[in-house]
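The block underneath contains the structure these notes are about, expressed in structure tokens.
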């Protein structure tokens, strides 16, 4: 989004000489979207950003393999079963496990207790939701402190790493639980919330004041590293067989940006700053939208007052996902529409296109007269079918599809 920032040392005029105290030139890098036709930033490096001293494979094939949702079923996936209490040495980048994915977006989950390697996604933007815990995120633009309820938006090709808070760290409450949403495109606020110049409009449920930018500049010596320290960076990128990985070795530390300016950079947004839109009768899911990418949207359902028509039914009506698959991640609270289904905190429901879904039996009547919902959920709607990743298959409860009738009444054909 076109929200200009400037940090550190930049020259008065772009594409002109910028030198250090010894008279050496800094190396200017344009980081821009859609070629040279959309938002961009200019970064000023101590070292040549193209210089690499080695490259090796980062195997990703097995981790990203998916299986079609066939026969077509709604599913309940229990994310909290993916990582045991004794699991150690897991990081946000290499430890994330793929839950659901298609050609446009991949949804993963990770419980992390170890610093990640330096990393950049060369395929698309990442939106990482923090379910629990906290972390320091170090990027070439600067650093962030993120915690429960934060969305961390990281533009494509941003070099960064995650350092979870662990026992003994100031501010530690519980392990970091993260929900990475990886796009094959850019992720931004919905266009209907933006002016033609990129400002968030008055009807948007959040504004620029709610967005936290990076604190920087952040240089190698600021984190106790040597500027000339050889460093590996893990990269996801496109290959002839789909998504592949490469590990570059740079002959210097990636935190070498002395200054930058522009409209493209990572930022954080906390779900508590989302102002829900409500009405006299039930509002459709687009009012809960917070971000969008190519062929998918991200919504959040936050604690809110609900419909105030005297005959209102607060829970959703039954609806058919004609054009989309709906993924709901239940983060907190008491989700009225799913009572009796087994779904609780840490669950995902997948309602695929072609399947009519809605409240569990009895939930509609029970909701009448309710004035507020105390619930927190993150929803991803995709406009191409989702397939199950390794993690999704591992924690499927196997019975959610039959929850509207109280149990399976037929025997599957082998």
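In UniProt numbering, the protein residues as written are 1 to 414.
Note that CB positions come from ideal geometry on N, CA and C, so glycine has one too.
The DSSP assignment places 54 to 57, 75 to 78, 97 to 101, 105 to 112 and 118 to 121 as complete runs of the beta strand (DSSP E) inside the stretch 54 to 123, in order along the chain (cut-off: 3 residues). In this structure, the straight-line span from the alpha carbon of residue 96 to that of residue 335 is close to 26 Å.
Taking C-beta separations shorter than 7 Å and ignoring five residues to either side along the sequence, the partners of residue 88 in its chain run 113, following chain order.
In this structure the stretch 100 to 110 touches the stretch 365 to 382; the number of beta carbon pairs closer than 8 Å is three or more. In chain order, 7, 8, 141, 142 and 143 place their CB closer than 7 Å to the CB of residue 216, counting only its own chain and leaving out the 5 sequence neighbours on each side. Cα atoms of residue 208 and residue 42: separation of roughly 21 Å, rounded to the nearest angstrom.
Excluding residues up to 5 positions away in sequence, 282 and 358 lie with their Cβ nearer than 7 Å to the Cβ of residue 317 in the same chain. Looking from the CA of residue 190, the closest CA among 68, 322, 203 and 71 belongs to 203.
Residue range 363 to 367 is occupied by the alpha helix (DSSP H) that includes residue 367.
The UniProt domain "Homogentisate 1,2-dioxygenase C-terminal" (295 to 392) is shown to contain whole alpha helix (DSSP H) runs of 4 or more residues at 363 to 367, in chain order. Residue burial annotation: residue 326 is buried, with at least 16 other C-beta atoms found within 10 angstroms of its C-beta. In the DSSP assignment, residue 236 falls within the unbroken beta strand (DSSP E) covering 231 to 239. When beta bridges are read from the DSSP output, residue 179 appears opposite 129. When secondary structure is reduced to three states using DSSP, residue 143 falls in the strand class. Here residue 12 is exposed. Its C-beta has fewer than 16 other C-beta atoms within 10 Å. Three or more Cβ pairs drawn from the stretch 233 to 248 and the stretch 54 to 73 lie within less than 8 Å of each other, which places the two stretches in contact.
In the three-state scheme derived from DSSP, where H, G and I count as helix and E and B as strand, residue 45 is classed as strand. A contact between stretches requires three or more CB pairs, one per stretch, nearer than 8 Å, and the stretch 174 to 184 meets this requirement with the stretch 125 to 135. In the displayed model, residue 10 falls within coil according to three-state DSSP, outside both helix and strand.
The DSSP-derived three-state label of residue 404 is coil. In the same chain as residue 253, and ignoring 5 residues on each side of it, the C-beta atoms closer than 8 Å to its own belong to 220, 225, 226, 227, 228, 229 and 231, in chain order.
With fewer than 16 other CB atoms across the displayed protein chains lying within 10 angstroms of its CB, residue 362 is exposed. The C-beta separation of residue 101 from residue 387 comes to about 6 Å, placing the pair in contact by the 8 Å criterion. Counting C-beta pairs with one atom in each stretch, the stretch 302 to 320 and the stretch 391 to 406 have fewer than three that are closer than 8 Å, which means they do not touch. At a Cβ-Cβ threshold of 9 Å, residue 257 and residue 164 do not count as neighbours.
Residue range 257 to 262 is occupied by the beta strand (DSSP E) that includes residue 258. Burial check for residue 17: the Cβ neighbour count within 10 Å stays below 16, so the residue is exposed. Distance from the Cα of residue 328 is smallest, within the candidate group 5, 154, 344 and 372, for 344.
With fewer than 16 neighbouring CB atoms inside 10 Å of its own CB, residue 284 falls in the exposed class. In the pairwise beta carbon analysis, the stretch 360 to 378 is classified as touching the stretch 293 to 300: at least three pairs are separated by under 8 Å. For residue 356, same chain residues with a beta-carbon under 6 Å away, outside a window of 5 residues either side, are 318 and 320 in chain order. Where residue 244 is concerned, the enclosing beta strand (DSSP E) starts and stops at 242 to 250. Taking the C-beta atoms as reference points, residue 393 is found no nearer than 9 Å to residue 61.
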